[in-house]
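This note's numbering numbers the first residue of the sequence shown as 30 and each following residue consecutively.
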Amino acid sequence: MDTDQAARELRAKLAEIDEKAAVMTAPPDQAANISFGKRVGDGTQMAVDRMAQVGVHDKLLRTREDVLRALAKIEEGTYGRCDVCGELIPEARMEALPWAVLCVKDAAGAGGR
Ligand SMILES: [Zn+2]
């Protein structure tokens, strides 16, 4: 597995998560300014659905933990192996979720993330 490329993808994902989380946690008027010029409707959508947003924010933070863990696993040399059972995570799953740190079975056991 090309861990250099995986590390690049993970760092890009981390930056994307931090950017999204920053927009979400900013006060509404500030958030509107941040998203202005990016995609029309972002600010409106945020104001409309705060509850869904909290869920999305929690999910973002969980994904962020996985991305950090996956980066640590690259350092450790265990990238691509499940944190729980130590089995190799199928390549298709790693391609779909480069920050996957659990196999499908253990991910389901951990609440489906
Ligand atoms: Zn496992």
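Backbone N, C-alpha and C define an ideal beta-carbon position, used for all residues, glycine too.
Rounded straight-line distance, which links the Cα of residue j to that of residue i
| i | j | result |
| --- | --- | --- |
| leucine 98 | proline 127 | Strictly speaking, residue 98 in this sequence is arginine, with leucine absent from that position. Cα to Cα, the separation comes out at about 11 Å. |
| proline 119 | cysteine 132 | 8 Å |
| valine 96 | alanine 35 | 10 Å |
| valine 113 | glutamate 124 | 20 Å |
| lysine 134 | arginine 37 | 27 Å |
Option nearest residue i by Cα separation, candidates the options
| i | options | result |
| --- | --- | --- |
| methionine 80 | Asp31, Asp135, Glu48, Met53 | Met53 |
| lysine 102 | Arg91, Thr92, Arg122, Ala129 | Ala129 |
CB of residue i within 7 Å of CB of residue j, strictly
| i | j | result |
| --- | --- | --- |
| alanine 50 | leucine 100 | no |
Beta-carbon proximity list for residue i, same chain, < 6 Å, skipping 5 on both sides
| i | result |
| --- | --- |
| glutamate 116 | Cys132 |
Contacts around residue i, its chain only, beta-carbon distance under 7 Å, and the 5 residues preceding and following it disregarded
| i | result |
| --- | --- |
| leucine 39 | Val96, Ala99, Leu100, Pro127, Trp128 |
Validate contact between the stretch 78-90 and the stretch 100-113 using beta carbons, cut 8 Å, 3 pairs
Contact between the stretch 78-90 and the stretch 100-113 is absent, because fewer than three Cβ pairs lie under 8 Å.
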